[in-house]
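Quick notes on the structure that follows.
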């Protein structure tokens, strides 16, 4: 278990450096992340490299017996590169990303890739064996701020090559996409457009799905290229890249991205910008579990909120005690290394309102002392459990191809959500909601990519929105249930194949026998609540309301809404299949209904749970020496968790002997 | 009376075709619409034509003793055309419509027109005399999805030519537009811009009006060009084009468009996309009457909702019984041919969520049986009345130049309504509201282009928002009223001339004597309700509140709103003129107030009406053999219409002997 | 005191002119503003000038013993200029401003500047000594409709030159901007971009601040260039330019703009377009005071609302009596010349819905008679006081650099407000709110540029949002307070320097000692109301909530909001400093709370105030002969101001002997 800070010595004076490291060390920090925006500093003119600045800083870090993570600074590039090769710029929805902000790079650009390759090579040569260096962060928040989609001509050319490689002939491409539809049959690879801005009707969904896959492959390749250089020239150092918040279910296949890297890291901001409230705590937990799940082991928070952040606009101010709580929650949910963003608040630049541990001056803040104390409190326990496996009998499964599919085809307006114009994360939010119902019941829960999970390790698997199916997964799930597992399926299950074609069978397609139902009719009700009854308990659901037709299943819940003609029809069913069972949930439930449903499922499956109100989270961890019950009070009031009284924002860790 | 389906054999396998036609035939269908998106299929490379696919399909259609309507497939074009001539692409608000969606064609492009001409010629030659072919649909939903406005350079060049033809000299153009205003005086035709995207202040309203007229002429010409080819090469076949939903009062002069065609057809979707409720039934009826009125005779529904539709997002699910109701409503309001969209749901492409009669598989659905039964029920009656004239003593009159004018100059925010960014249909909605008040009183009502109507056939004419006047129409109306007719005028009447100049007289301009009032002051209140009293009954109005100054008129209603300084001033007046009378309505009334006002007007004019609540529609039709009273229950509950109890979504047809 | 009208003889016939001037004269008008959109009229072809039209009009004006203000017609240019030099066009957010609207000129364009220079020279030569000419209005509403920001390539080139002139070397620029941040270090002037449209993260705030300053300088230079020509060729005529509504705190430094001109003028529309209510009266007053304050003396309203206005859409209709009230309010707040917009309503062009004194016809309207009477009523008094100084013991201070800063970095969403896409005027609105609290207490209040004000003339200075400090101003304020003045500071005081760097000291930076507090923590609460208590009185605040840490200050108000952890912490403090005192207000108060706070401050400072409810405004003026108490009833109901009963919209002027 390590703690550290994100440090920008280049933004301060040489007089500051030693003092800064001393202040960090006193706080309990031993790691600094450096250099991730310093391309212009180390290559001020094309081909003219000078890493002496960072060499000096690394020496100093070593002198303080601290360690460094170096960022490869490819997240912005120097103006000279853009001036020489305008094609290195991304274009998004008609706007060319010009010099002056960040994340402008077109990942398909040969010129950009070559420049990045040379830079990383030189940097690895110059600094890669420095004794203070322990790890590399490749790029920074790759894909963030909409940079996972690139509509530039350079991207288009690469997209065509990618398609050529995938489909070999246009005949296969036309057949796979169904180009006969609306008569958009390609007879030259150069006719293929980029599915970008359009006035009205959108592009073929199969094409958009491929475009997203292409964008993902391009980014993954770019990271892999850097990883290969670093492996060679900086032996013994671990590799990662830091995912942006929320890193959730984007266009990029993050599990694939990390295949060539050693550990996952991400940037955790429970509140940011003009948010008026922090995310509900289960949403922070599911983000941790998403990152934990990518390699199914402990991870790093590369940027952990330490202050109060935003670019032009700010919002919620974390209350005293809340910042240390979020730090401890990260550890409880699987982090074994935390770096705070950022050591001191920048006086200039786009982040001059991104408050770090210290303010613009260098006076020690309340936050400094709060985190110092928090580190001291958790360290003894964290050293025992933080790097150990996170125990769980339940997993919620996500799938990148379905994430992509629902981004361009949400089916219900309730599955659309665009917090910023360039992101559509309704699916992500829905997945988080399915996870939250378990988190609130204090059930340790994994959140894993469906295609890479060993199902047999879990008593209960929850697989919502698994619309675009992979046959191998379906088959494995069938074996899992047959052998006694409990599978929870959600609406839209089994609707499509990997080419984006609707199956010529009703929902839930290949799950029909397992689930013991079929779906001939559904309504897309948006955010409108529709009433139903689960046993004797009334509840509401929304987004999509499927009318389930039980074949072998028993009915667990029915619609009761007078406004709907399907009042009396089933919405949740349960089916015995082999030694196991399948619960099918035909709508998106209100969180309270989710909780009630999960209680029944967990009880049937023999998984323990508890409930201490909406503000308490309880997590179980197993250390090398002991087991731990960790109670987190996410509220500004004292609350009871059973007999325990937790103070505001208190995190209580109760060690138990291992049995 | 015929029934059919929109069929896409190219999206299925040869093995399906016979089975498909058999299934249709069993359902009661005898017509298929084919080929309207198949340009790439029949001309896979430039100049290489192959119509054998459709020849085979037509043979099969003939074998089943069914008939075919062929679409000329100009609504999308093959990628090779765009690749060779990028100028064939439309541009809308800065976005070039590229290959991959539909409706991209620049109708001003000589290259596009030439390619389309050649295609239609070849298609007519190859298939035009096939015995199974009965009719042609030219293009598909022409002008839909914002394609009625084209900001491309090619469009600009054509606009300048159009202006040159209209105005001959720039002097006349400058004078007509009032170019001296803001000093935008043109001294070269090439200086004239396209009135497209602008940062702030808009273009000259006279110019925009001309631009809309130019766009309309361009589309009308394109359809006429195709019609001329088909007349020549496919003798004996009727011609139409299908208007998109809602086809209402757009930029294109649809009456002009159909002048060269044989019958009107349109696509009827009472619910679509993420709509959470279907349109109120009077809005569906006014759309039928709009289409009926374009040629003032029976029409075809080329795409009639049969399932549950949307592109990326869905909404309201039609209830059991509702789909057959909508089909029967179409017939009652004037359709004598209905094709359902679509036979089977596409598995791929942008319409994979556009559910048709059958789902993605080929199992016969509830909808199939519902429509089969519905057809059988109505056919005996429909065969008698469907193609006969639709009797009406009342007409609501619309006018394309006023539609255009209110699109770019709505005067009140209450007359703006943009369901999608590229459409502004506040005026259309307002016209529908004026119609709805009559529909709800079960008065058979025509909805007709003001300039083409024989006024003397009606007891009551309703002419709302007739702001931009045509002198000939005013004169004819004067004669009509003098001779005993009843004319209902709305706010903003008689404000402008055809050049877009405000008249130098107060509203209602040339109607002043007829209406017996003048208007010196008005307020634009947006959606805010303003109170008034009509006789003893309180009501509300909105959008625009004119303060009427009676000269010879009597006051029927006055404002009563304490918030307004014009409390006590007249809002509705009635004036005797010759043997007739003119009612002037100075505001947009709440639907209930409209109903109350119409009751008085109808009673005075000796037109019968009834009211069975908001969900019942009653229509009178006159057949060759008998007369019919048709009762439609548009609700999911049983209701009473007088002594008759109508079941949910029931359509009851009561034949009466002709007197 | 003069009255006049904006007159467009070019839009009417020669037969109208004499009659028009007669009608104006009869109404009490003696001035006409002419020609400001007539470039195309006077230079129909490049280099071909003909001013005979205006010469004739000026003769006529002289004959009627009236006077004329001529506009230099550079606010639109003729199509031939755009055709010849497309680079004269502005580009804003990706949209090129083309011919057909107005305000298209790129002020950085040498071609445009040269054409404008030649035009103004010729116009001044031709008309500059006409006896009827008394004054020039340079351009029209310069910077309006978003034209103060230009993203064109021509603008970019000029921006680089401006930077070169300011910074001399890129080293200095890079250091000043903090280019090391995100590694955007420039090594060639041509690498510098325009801070225009961006997908996500914005440009460096120091750069944006400079870009705004550059845009301001460019416009100021353009006006200066015209002024120099006119001074030379039209001696003895006064110079102005008319600011657009609201002219408030824009990107352009208006105080600088007027330095070379003789008097300020602006366009006053208390209601415009689709506004459903007029601005609250204090907002109209603060706009008058803003304009008065730019030169700290009487000003002209160049366009005073006389009718009912909007382009495509209208809204609130001024009630009878309200138009004369607004005219009198303008005089009471400092105008000594008023021209009504416009004499007669245009029949064509973009302003055909901009109703003037007369309607489209030439019948004398109610408005005509109302204004005629209003002029006659106020003239005797206005002639005594209108051109005299406006007495005030209190001033609210604004600062253009802070206006710019909060436009691109509002800190709180509560300080963002975009009534149109191209304007962000949250700061302006907030400044108006701080002023309104004084206006409602009937305290004569100046509204002045902080950098140009003689502080010692005032008992109370209110300086809100003074975030970006100028050291000289801080020093002068220190002297002012030391000597006994009362200074009211607002939240975010003293946060930044002029380069846009955050100071390395906590808020309020250099004001810390004066204010006796420091701020370590604040929350940005947007529009959410947060409770506090000022003495015994509860109130709410919003936008930003600073937690004040008193050092020498006493606490005047504390947060009381249970939802907030800072409940009990100070929000308003008061500090004695030298002989004076400083009140620090750590949040944006609700108007009622502002009023209560100001009452205490004014009482302490010995400034008189009164309160007659939200609709009465009382202003004190001092004439050459007498003093005046002016009472304005801004409501449609009778109200009491003490013992005086004011009729609806009445303005009562009570002369008092000078003591």
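Residue numbers (full-length UniProt numbering), protein chains in the order written: chain L, 1 to 659; chain X, 1 to 659; chain V, 1 to 659. Beta carbons: idealized from backbone N, C-alpha and C, even for Gly. Remember, it's a predicted structure, so these values are computed and weren't measured experimentally.
So, at 7 Å on beta carbons, what are the nonlocal neighbours of residue 5/V in its own chain, with the 5 sequence-adjacent residues on each side left out? 24, 29, 32, 339, 340, 342, 343 and 357
Could you tell me which of 462/X, 363/X, 628/X and 635/X sits nearest to residue 445/X, measuring between CA atoms? 462/X
Does the region 118-135 of chain X come close enough to the region 171-191 of chain L to have 3 or more Cβ pairs within less than 8 Å? No, the region 118-135 of chain X does not touch the region 171-191 of chain L.
Residue 324/L versus residue 360/L - alpha carbon distance: 21 Å
Less than 8 Å between the beta carbons of residue 398/V and residue 208/V, yes or no? Between residue 398/V and residue 208/V, the C-beta gap is not smaller than 8 Å, which leaves the two residues out of contact.
How would you label residue 158/L, buried or exposed, when you count the other beta carbons within 10 angstroms and need 16 or more for buried? buried
For residue 413/X, which of 486/X, 588/X, 322/X and 584/X has the nearest alpha-carbon? 588/X
Quick check: what's the CA-CA separation for residue 651/V versus residue 391/V? 19 Å
What is the C-beta distance between residue 271/V and residue 212/V, in whole angstroms, given that I count them as a contact (C-beta under 8 Å)? About 29 Å separates the two Cβ atoms, so there is no contact after all.
For residue 204/V, go through chain L and note every residue whose CB falls closer than 8 Å to its CB, in chain order. 100, 348, 349 and 350
Are residue 489/V and residue 599/V closer than 8 Å when you measure CB to CB? With respect to residue 599/V, residue 489/V sits apart: the two C-beta atoms are not nearer than 8 Å.
Do the region 54-61 of chain L and the region 152-169 of chain L meet, that is, are 3 or more Cβ pairs less than 8 Å apart? no
With a floor of 4 residues, list each alpha helix (DSSP H) that falls wholly inside the region 195-268 of chain L, ordered by position along the chain. 205-233 and 254-257
Between the region 552-565 of chain V and the region 531-538 of chain V, do three or more beta carbon pairs fall short of 8 Å? Contact between the region 552-565 of chain V and the region 531-538 of chain V is present, because at least three Cβ pairs lie under 8 Å.
Going by alpha carbons, who is nearest to residue 167/X out of 214/X, 127/X and 148/X? 214/X
So, is the C-beta of residue 190/X closer than 8 Å to a C-beta in chain V? yes
Quick check: is the beta carbon of residue 311/X nearer than 8 Å to any beta carbon in chain L? yes
Which residues does DSSP list as the beta-bridge partners of residue 396/L? 447/L and 462/L
Which one of 538/L, 513/L, 637/L and 508/L has the shortest CA to CA distance from residue 546/L? 508/L
May I ask which residues mark the beginning and end of the alpha helix (DSSP H) holding residue 660/L? Because chain L is modelled from 1 through 659, residue 660/L falls outside the range shown and cannot be assessed.
For the region 355-377 of chain L, which residues have a beta carbon sitting closer than 9 Å to at least one beta carbon of chain X? none
Buried or exposed: residue 228/L, going by 16 or more other Cβ atoms within 10 Å of its Cβ? If you draw a 10 Å sphere on the C-beta of residue 228/L, you find fewer than 16 other C-beta atoms in it, and that means exposed.
Less than 7 Å between the CB of residue 564/L and some heavy atom of the ligand FAD, yes or no? The model on display carries no ligand, and the ligand FAD is accordingly not part of it.
For a contact meaning CB atoms closer than 9 Å, what does residue 319/L contact in chain V? 564, 565 and 566
Compare the C-beta of residue 316/L against all C-beta atoms of chain V and say whether one is closer than 8 Å. yes
Which residue spans inside the region 593-627 of chain V form an unbroken beta strand (DSSP E) run of at least 3? Qualifying beta strand (DSSP E) stretches, in chain order: 616-622.
Closer than 7 Å, Cβ to Cβ, to anything on chain L: give me those residues from the region 23-47 of chain X, in chain order. 37, 38, 39, 40, 41, 44 and 45
In the DSSP assignment, find the alpha helix (DSSP H) that holds residue 432/V and state where it starts and stops. From DSSP, the alpha helix (DSSP H) with residue 432/V extends over 426-439.
So which residues on chain L does residue 193/X lean against when the C-beta distance must stay under 7 Å? Going along chain L, no residue has its Cβ under 7 Å from residue 193/X, so there is no contact; the nearest lies around 20 Å.
Own chain partners of residue 569/X with C-beta closer than 8 Å, once the 5 adjacent residues on each side are dropped: 547, 548, 558 and 559
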